[in-house]
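What follows is a single structure, written as structure tokens, with notes after it.
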Amino acid sequence: MKILIFNTLYYPNIIGGAEKSVQLLAEMLVSRGHEPIIVSTFTDDKIDKVNGIKVYYLHHRNLYWSINSKDKKALQKVFWHGLDVYNPRFSKEITNIILNEKPDVIHTNNITGFSTIPWIIAKKFNIPVVHTLRDFSLICSKSTMFKGSDNCSGQCSECKVFSMYKKGLTNKQHVDYVVGNSHFMIQRHKELGFFQDTPSARIFNGTHIRKEGHKDKQLVGKLKFFYMGRIDYTKGIKLLLDVFTKVQDAELILAGKVYEEEIEKNIEKNTYPKNIKFLGYINPNDILSEIDILIAPSLWNEPLPRVILEAYSYGKPAIGTDRGGIPECIINNKTGFIFNPDNPIELEKIIRYIIDNPIEVSNFSKNIPSYLEGFDIEKTVDSYIDVYSKVIKS
Numbered sequence: 026m027k028i029l030i031f032n033t034l035y036y037p038n039i040i041g042g043a044e045k046s047v048q049l050l051a052e053m054l055v056s057r058g059h060e061p062i063i064v065s066t067f068t069d070d071k072i073d074k075v076n077g078i079k080v081y082y083l084h085h086r087n088l089y090w091s092i093n094s095k096d097k098k099a100l101q102k103v104f105w106h107g108l109d110v111y112n113p114r115f116s117k118e119i120t121n122i123i124l125n126e127k128p129d130v131i132h133t134n135n136i137t138g139f140s141t142i143p144w145i146i147a148k149k150f151n152i153p154v155v156h157t158l159r160d161f162s163l164i165c166s167k168s169t170m171f172k173g174s175d176n177c178s179g180q181c182s183e184c185k186v187f188s189m190y191k192k193g194l195t196n197k198q199h200v201d202y203v204v205g206n207s208h209f210m211i212q213r214h215k216e217l218g219f220f221q222d223t224p225s226a227r228i229f230n231g232t233h234i235r236k237e238g239h240k241d242k243q244l245v246g247k248l249k250f251f252y253m254g255r256i257d258y259t260k261g262i263k264l265l266l267d268v269f270t271k272v273q274d275a276e277l278i279l280a281g282k283v284y285e286e287e288i289e290k291n292i293e294k295n296t297y298p299k300n301i302k303f304l305g306y307i308n309p310n311d312i313l314s315e316i317d318i319l320i321a322p323s324l325w326n327e328p329l330p331r332v333i334l335e336a337y338s339y340g341k342p343a344i345g346t347d348r349g350g351i352p353e354c355i356i357n358n359k360t361g362f363i364f365n366p367d368n369p370i371e372l373e374k375i376i377r378y379i380i381d382n383p384i385e386v387s388n389f390s391k392n393i394p395s396y397l398e399g400f401d402i403e404k405t406v407d408s409y410i411d412v413y414s415k416v417i418k419s
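The structure is reproduced here in structure tokens:
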């Protein structure tokens, strides 16, 4: 099969798990004898190859590139989102790509920056479309369904306006199949009236099962708790810093780009206690073997953090909130712990429990390998190939 895969970003432009998941899927499809071709947004038009896969990088054709929105004025953002509903400026280039590549199926993922134009053009050519929900961009201008310090219970008036046209295209006439990387993602979209008559399935983000396995490591000494991702408040960073300022007999290691000015200033002033360390952006494989426990403290309804799966591949238990798809990848008291971030004392109690019961928590590592099999990238690829085949035949 030839699969034309759309995602807002692609290597080397990686800011989160979606880009990693799309790249891993594409490279695994190649290993199965299929031909994926990537289309992503960029600051210029160019064609390149990444690990043997053809990648079309298309100029964003909007007021600014989607990842450069932080310092833009409110009016600029309004115009940007208006054009991102339906952006005809992509029509010629995407049409040419389809004519040149002649794909059997189009697989869209995050389409922020593209608008809904790939769906519309695909249907002009009668090419089936599979869409994977990896964020909330179809229903929320911020892609997070999070405002202030709370998750949105529904769509605000602004998001309803910007998503109205998109919503009308989430039927099986335009999208043949919708995939969620968690049950939560599918349910949330359907609750709000999206993809009502579209066949759906949960397909987890896959990860490589490390062939060498992992050595059972006893938790001893000063334990190392690890966070990896965007350093911002929606990710629960303030909660994490507050807890480890109190619990200083354990180490907190944070890796990722800092997006909060207050935290940046505190790092520069060296105001955090010595048990809290910021590493900046690093490759998870460079540190996961050295840490003891992963923490995913998200306040927002995170679809499915792939960093939890990456930690599991090293036999590391995970602590996560009860938000979004996180509970779908942690078995409480078996592969890790789940807590309510609205009650910060819960996380503090879990941390202290682990410190006081290291042998018991060390045994969690024995539960991880069999559980991780459900997230094996081979199963993920099998599931996607099955979906592609279904929509092509139909």
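Residue numbers for the sequence shown follow our numbering, beginning at 26 and rising by one. All residues carry an ideal CB built from backbone N, CA and C; glycine is no exception. Here the structure is a predicted model, which is why all the values come from computation and not from measurement.
Rounded C-alpha distance that separates E353 from T270: One Cα belongs to E353, the other to T270, and the distance between them is close to 29 angstroms.
Contacting residues, own chain, Cβ-Cβ under 8 angstroms from S140 (five flanking each side not counted): Cβ within range, chain order: L108, D109, V110, Y111, N112 and F115.
Residue range of the unbroken alpha helix (DSSP H) whose run includes H208: Run containing H208: H208 to E216, per the alpha helix (DSSP H) assignment.
Start and end residues, beta strand (DSSP E) containing E276: Counted as a single uninterrupted DSSP element, the beta strand (DSSP E) harbouring E276 occupies residues E276 to A280.
Coarse secondary structure for G231, derived from DSSP in three states: If DSSP states are grouped into helix, strand and coil, G231 belongs with coil.
Exposure label - T5; buried when at least 16 CB within 10 Å: The structure shown has nothing for residue 5, since the chain only spans 26 to 419.
Distance between D175 and E216 (C-alpha atoms, nearest Å): Going by the C-alpha atoms only, they are around 19 angstroms apart.
Simplified DSSP assignment, three categories, for M253: Note: M253 maps to strand in three-state DSSP.
Supposed contact pair V200 and F220 - C-beta distance, whole angstroms, cut 8 angstroms: That pair is a contact at about 7 angstroms.
Cut-off 7 angstroms between Cβ atoms - residues of its own chain near K102, not counting five sequence neighbours on either side: Around K102: S94.
Y190 versus Y409: straight-line alpha-carbon distance, rounded: Between the C-alpha atoms of Y190 and Y409 there is a straight-line separation of about 27 angstroms.
Residues of its chain near S419, where Cβ-Cβ distance is below 8 angstroms and the 5 sequence neighbours each way are ignored: Excluding residues within five positions, the ones whose Cβ falls inside 8 angstroms are P153 and D201.
For P394, the first and last residue of its enclosing alpha helix (DSSP H): Per DSSP, P394 belongs to the alpha helix (DSSP H) from F389 to L397.
Alpha helix (DSSP H) segment containing H106, residue limits: A99 to V110 is the extent of the alpha helix (DSSP H) around H106.
Straight-line Cα distance separating K374 from F229: Each residue's alpha carbon lies about 30 angstroms from the other.
Cβ shell of Y35 (< 8 angstroms), same chain only, five flanking positions each side left out: Only E44, V47, Q48, I63, S65, V75, V80 and Y82 meet the Cβ criterion.
Nearest-angstrom Cβ-Cβ length linking G361 and P328, presumed shorter than 8 angstroms: With a Cβ gap of about 18 angstroms, G361 and P328 do not count as contacting.
Any alpha helix (DSSP H) of 4 or more consecutive residues that is wholly inside the stretch 40 to 71: Runs found: 42 to 56.
In chain order, each alpha helix (DSSP H) run of at least 4 residues that lies wholly inside the stretch 341 to 418: As far as the stretch 341 to 418 is concerned, its whole alpha helix (DSSP H) runs of at least 4 residues are 369 to 381, 383 to 387, 389 to 397 and 402 to 418.
Runs of beta strand (DSSP E) lying entirely within the stretch 117 to 190, each at least 3 residues, in chain order: Counting whole runs of 3 or more residues, the stretch 117 to 190 contains the beta strand (DSSP E) stretches 130 to 133 and 154 to 158.
Between the CA atoms of N310 and L266 - distance to the nearest angstrom: Distance between the alpha carbons of L266 and N310 is about 24 angstroms.
Nearest-angstrom Cα separation, counted from E126 out to K117: Going by the C-alpha atoms only, they are around 14 angstroms apart.
Selected residue, minimal CA-CA separation from S323, among Y258, E285 and S314: With distances taken between Cα atoms, S323 lies closest to Y258.
Exposure label - Y378; buried when at least 16 CB within 10 Å: Counting other Cβ atoms within 10 Å of its Cβ, Y378 stays below 16 and is therefore classed as exposed.
Given N358 as reference, the closest of V332, R331 and K391 once Cα atoms are compared: Comparing Cα positions, the closest option is K391.
Supposed contact pair Q243 and S338 - C-beta distance, whole angstroms, cut 8 angstroms: Taking C-beta atoms under 8 angstroms as the contact rule, S338 and Q243 fail to qualify, at a distance of about 19 angstroms.
Bridge-paired residues (DSSP) for S225: Under the DSSP definition of a beta bridge, S225 partners with V203.
Reference L277; option with closest CA among Y284, M253, E289 and N291: Cα-wise, what sits closest to L277 is M253.
Pair within 8 angstroms by beta-carbon distance, L124 and W105: Going by C-beta atoms, L124 is not nearer than 8 angstroms to W105.
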